[in-house]
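A quick write-up on the structure given underneath.
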Amino acid sequence: MDTKEAPVESPPSERPVARVAELSARLRSTSTAVVHDDAATRALYTMDASNHRHSPAAVVVARSPDDAAATVAAAAETGLTVVPRGGGTSLAGNAIGSGIVLDLTSVDRIVDVDPDRRTARVQPGVVLDDLRSAAAPHGLTFGPDPSTHSRCTLGGMIGNNSCGSHSVAWGTTADNVEDLDVVLADGTRMTVAANSRRELDRRAGTPGAEGRVHAALRELVTTELATIRRELGGFSRQVSGYALDWLLPEKGHHLARALVGTEGSCAVVVGATVRLVPTPPARALLVLGFPDDSAAAEAVPDILGHGPLTVEGMDARLVELSPGGRAQLDRAHGSLPAGGAWLFVEFGADDTAAAADRAAQVAAECESVPHAVVTDAAQRRALWRLREEGAGTATRLADGTEAWPGWEDAAVPPERLGSYLREFRALLSAHGLHGISYGHFGEGCVHVRIDFDLVTPAGVAAYRRFVQDAADLVARHGGSLSGEHGDGQVRSELLPRMYSAHTIELFERFKAAWDPDSRLNPGVVVTPRRLDDDLRFAAVQPEPPSTAFGYRHDDGDFAQAVRRCVGVGKCRNRADADGTAAGAVMCPSFQVTGEEKHSTRGRAHLLHEMLAGEVVTGGWRSTEVRDALDLCLSCKGCLSDCPVDVDMATYKAEFLHHHYARRPRPAAHYSMGWLPLWLRLGAAAPGSVGAALDVPAVSRTVKRAGGIAPERELPRPAPEPFTRWFRRRGGRASGPQVLLWPDTFTNHFSPGVGRAAVAVLRAAGFDPRLPSRSVCCGLTWVSTGQLGVARRVLRRTLRVLEPALSAGVPIVGLEPSCLSTLRGELPDLLPDDPRAGLVADRASTLAGFLAAHAPHWSPPRRERRALTQVHCHQHATLGVDAENTLLAAAGVDAQRVPSSCCGVAGNFGFERGHYAISHALGEQALLPAVRAAGLDTLIIADGFSCRTQIQQGSDRRAVHLAEVVADGLGDEPRDTLSDTPDAIAGPA
8 MDTKEAPVES PPSERPVARV AELSARLRST STAVVHDDAA TRALYTMDAS NHRHSPAAVV
68 VARSPDDAAA TVAAAAETGL TVVPRGGGTS LAGNAIGSGI VLDLTSVDRI VDVDPDRRTA
128 RVQPGVVLDD LRSAAAPHGL TFGPDPSTHS RCTLGGMIGN NSCGSHSVAW GTTADNVEDL
188 DVVLADGTRM TVAANSRREL DRRAGTPGAE GRVHAALREL VTTELATIRR ELGGFSRQVS
248 GYALDWLLPE KGHHLARALV GTEGSCAVVV GATVRLVPTP PARALLVLGF PDDSAAAEAV
308 PDILGHGPLT VEGMDARLVE LSPGGRAQLD RAHGSLPAGG AWLFVEFGAD DTAAAADRAA
368 QVAAECESVP HAVVTDAAQR RALWRLREEG AGTATRLADG TEAWPGWEDA AVPPERLGSY
428 LREFRALLSA HGLHGISYGH FGEGCVHVRI DFDLVTPAGV AAYRRFVQDA ADLVARHGGS
488 LSGEHGDGQV RSELLPRMYS AHTIELFERF KAAWDPDSRL NPGVVVTPRR LDDDLRFAAV
548 QPEPPSTAFG YRHDDGDFAQ AVRRCVGVGK CRNRADADGT AAGAVMCPSF QVTGEEKHST
608 RGRAHLLHEM LAGEVVTGGW RSTEVRDALD LCLSCKGCLS DCPVDVDMAT YKAEFLHHHY
668 ARRPRPAAHY SMGWLPLWLR LGAAAPGSVG AALDVPAVSR TVKRAGGIAP ERELPRPAPE
728 PFTRWFRRRG GRASGPQVLL WPDTFTNHFS PGVGRAAVAV LRAAGFDPRL PSRSVCCGLT
788 WVSTGQLGVA RRVLRRTLRV LEPALSAGVP IVGLEPSCLS TLRGELPDLL PDDPRAGLVA
848 DRASTLAGFL AAHAPHWSPP RRERRALTQV HCHQHATLGV DAENTLLAAA GVDAQRVPSS
908 CCGVAGNFGF ERGHYAISHA LGEQALLPAV RAAGLDTLII ADGFSCRTQI QQGSDRRAVH
968 LAEVVADGLG DEPRDTLSDT PDAIAGPA
């Protein structure tokens, strides 16, 4: 059967500028809320993590509950609708709209944690992990824990009735809400909670909106007891529709819990009292392997009888798609039994042995099922991380096909899950679709991303047919269209396939009791918009734009590359509550500013809107996109830390290439973008250059002319470039040849690193050589978007390298950013040149080369402690396993700085206007760790940027791994190996 299709609010042909101006004027006089009606901010809020897109009339950022109430009241007075928004990770189109988007993320105070009552009082913008951190010292936590726990807000969880993996034991968000402070559509504030019948009658008799709401809801539940009991509250994950069952007398007439899951369509939540639950002192994770997800699901009912904390399902293919792919699977292989799908079953107890015993008991009852019991905390966290990143990882299938939400949250009673999954797989096959399942099998909730074609009209029509059939399948199994993500635009239209027409009318009555004029999040649950309208893909022209990069992994399509960002928002992470984000990079600028436009997601949304051309209208000349990308460090952290491998550094370079085409560029693009050329010219008299820079007036002039931050000290060129030293006394050695890459930074600033690498390679039995003429990876031109110049530089470099490439000589790079460019940007800028692929395949770090070509060679042992700072490009594209192995072989006990971005990031930290962000990033983790390290602790940083930040931000100097290893060889004086011998030697 067909559903209602007429939306309550069609997107206006013109933005209501006058009404927005009136609202802004009202808020200026009544609140501290900030109204943003500029194109850039509106573009940031056009999308959430769903398939849908709406351009808001304006965005209002509230800073207090009073601000939120004032905004709702002003919107009512000016005839504007309101959509409340938290972290923006909604998957159903719940947090977007064409009226006012009310950003509540700054209303984020934890008012109180009461360990005796086991409750917390919170504001809607509180991030879940922040609440968990506040509760943890009392042995408590908030039970619901969706995979976005590091950035989702309590307000958003209340809006969607989020659940997460531990709802098997601790319930949904609704189960854990005691009361809510809300704002009605007319600005009325009230507190709702459970009520006795006497209290309900009393409140129904009060004057004004509060009395009207309570009276209407009292009448609804009194007259419709039978229907509500028959159709609602059937199982724990029946999240679709409105939870009218919480109005029943046996559930305490609980108006607060009835509001949970209404997606901001009935009231705006500005405060909540939530329950906290005790956390078990010890846990054990049982991993069970099954042939497929259906077989795993069949085992769930028996497992539930043992009282587990979680029962999560995951298709094995999901792990193979995760960042790191097979390598990450191998590292965790000892904990993953054989199988095509796994169940993760967690048990809690007073001690580890007892928890493990509970897990072992279940394993014994699952006869012949491969299994493993994991008690190590770090190993458990690694496995949970694989599961948590499924929402992003599953968006690209093994063949690179894009996969989307749209049918990602269905739930059925757990005892029906096995048969449902078999029929669901058959349905996918009948429609020619594919998807990878995972989810909360203990409560029958299945997440899946499916390879819908949401770009072409035929594909969209096929999508509609599939979700209608899927909704009918769920209904036949007594299930719910949504198990925790809510209905939004993607499922609301399908609710008549799950509920009777009479129950749909009850939903309309419930909505009208709270919001009679449909001003709050209209088009959700009742009077729904069509699920195939307002798709984000429809706004972008199907013809791919002409680009400089090849986008090898995105079919050569820049728009498809930008579509990698699906809005899950991992780039908004500040820090995990348990500290497990150690070593992550993404997203440095957001870490400092906390602004959406400085997150990877925000920048991707702006690029999408640039391609759409409706909100951001300047195309490649857009100042909105330029300004948002200005604080992108091009660190490539998103390339590894983002579950879908967004590469914002490449997108930024592409944008700058077009933005400044045939136009004057910022001064820094000429000074630092052309740095290799200036250093080559200065190499004729490096001492004179250094002496000139020592003159304050000269240094100031150079900085001013070059667009360089006045706070930065300019690095001085070394007295003798590495290449000159090598030709003067490098000589030849016996053994296989290896080409040592003389990057600009090593050659002109840190020649001791090159000298040390020569010594190490010779000691390992190799004959290091340099290219016959000067070469360059083009990094500085790439990072400043001068891609035409970069191509010419790279073509010249390939000509110089051709003899070595023909001879099969491997290449060793010492500067991670240059090596990353050779392996990434080179083949992407010259995709049709086979020599580019050869360089990318043969280039490796010093440690990586030794691991591959001299696996049995061991360096002399040093028995030293070290603090290591991993360059962000190495973290993202190269990895550090070989470096860790080499350091261990050298007797160095290395501890990694818990954040990989130093804040300099090549030209970024030196550009005028960037120093404050650069310095703040250094002070987040790196510089405090360096200052806290003992003088006998080595500071190791292979990246020149990282060493520069350490030198300029502390009284320590960092050394390269090559210098550490070479210093133990003892065959040459230390001062010939390193520019920083004291940094290696330590205190006398």
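Residue numbering for the sequence shown follows my numbering, starting at 8 and increasing by one per position.
Glycine included, C-beta positions come from ideal geometry on N, C-alpha and C.
Leu-874 has Gln-902, Ile-946 as its beta-bridge partners, per DSSP. Under DSSP, Arg-456 takes part in a beta bridge, and its partners are Ile-443.
Each of Cys-273, Arg-125, Arg-963, Ala-859 was checked against the Cα of Ile-946, and the nearest Cα belongs to Arg-963.
In this structure, Gly-609 and Leu-51 form a Cβ contact; the two beta carbons are roughly 5 Å apart against a cut-off of 8 Å. If you draw a straight line from the Cα of Ala-304 to the Cα of Ala-566, it is about 38 Å long.
Pro-288 sits close to Asp-357, with the two beta carbons spaced by under 7 Å.
Taking one beta carbon from each stretch, the segment 157-171 and the segment 130-146 have 3 or more pairs nearer than 8 Å; the two touch. Secondary structure at Val-547: coil, using DSSP grouped into helix, strand and coil. The residue among His-755, Gly-625, Pro-144, Ala-263 with its C-alpha nearest the C-alpha of Val-190 is Ala-263. About 4 Å separates the CB atoms of Glu-870 and Gly-898; that is less than 8 Å, so the two are in contact. The Cβ neighbour count for His-863, taken over all protein chains shown within 10 Å, is under 16; the residue is labelled exposed. For His-926, the enclosing alpha helix (DSSP H) has its first and last residue at 922-931. Judged by DSSP secondary structure, Thr-230 falls within the alpha helix (DSSP H) whose first and last residues are 215-230. Here the C-alpha atom of Leu-968 lies approximately 10 Å from the C-alpha atom of Thr-852. By the Cβ criterion, the segment 120-127 is not in contact with the segment 98-108, since fewer than three pairs of Cβ atoms, one from each stretch, lie closer than 8 Å. Between the alpha carbons of His-441 and Ala-401 lies a gap of roughly 11 Å. In terms of Cα proximity to Glu-491, the closest of Ala-81, Ala-99, Ala-940 is Ala-99. With a cutoff of 7 Å on beta-carbon distance, Ala-361 and Asp-299 are scored as not near each other. Distance between Pro-749 and Val-42, taken at the CA atoms: about 52 Å. Contact between Leu-513 and Glu-231 holds, with the beta-carbon distance rounding to 6 Å and staying under 8 Å.
Linking Asp-541 to Phe-729 through their CA atoms gives a straight-line distance of about 58 Å. When the alpha-carbon of Gly-166 is set against those of Arg-92, Ser-203, Pro-935, the nearest one is in Arg-92. Using a 10 angstroms sphere on the CB of His-878, the tally of other CB atoms reaches 16 or more, which defines it as buried. Setting aside the 5 residues that flank it on each side, Val-307 is surrounded in the same chain by Val-318, Pro-421, Leu-424, Phe-448, Gly-449, each with a C-beta closer than 7 Å to its C-beta; the list follows chain order. Taking each of His-438, Leu-293, Ser-444 in turn and checking the Cα distance to Glu-372, the smallest one comes out for Leu-293.
By the neighbour-count criterion, in which 16 or more other beta carbons inside 10 Å mark a residue as buried, His-509 falls on the exposed side. Put simply, of Ala-77, Arg-842, Ala-323, Phe-354 the residue whose alpha carbon is nearest the alpha carbon of Pro-344 is Ala-323. Ser-757 sits buried, since 16 or more C-beta atoms from the chains shown fall within 10 Å of its C-beta.
For Met-505, the three-state secondary structure derived from DSSP is coil.
Here the segment 771-790 makes contact with the segment 677-695; the two share three or more CB pairs at distances below 8 Å. The criterion of a C-beta distance shorter than 7 Å is satisfied by Leu-283 and Ala-127. Within the same chain, Thr-791, Gly-792 come within 7 Å of Leu-663 by CB-CB distance, once the 5 residues on both sides are set aside.
In terms of CA proximity to Trp-177, Gly-314 leads the group Gly-314, Thr-112, Ala-233, Arg-116.
The alpha-carbon separation between Ser-827 and Val-971 amounts to approximately 22 Å. Within the same chain, Cβ atoms closer than 7 Å to the Cβ of Pro-650 are found at Pro-330, Glu-396, Gly-399, Thr-400, Val-575, Lys-577, the five residues on either side in sequence being excluded. For Gly-855, same chain residues with a beta-carbon under 6 Å away, outside a window of 5 residues either side, are Ala-889 in chain order.
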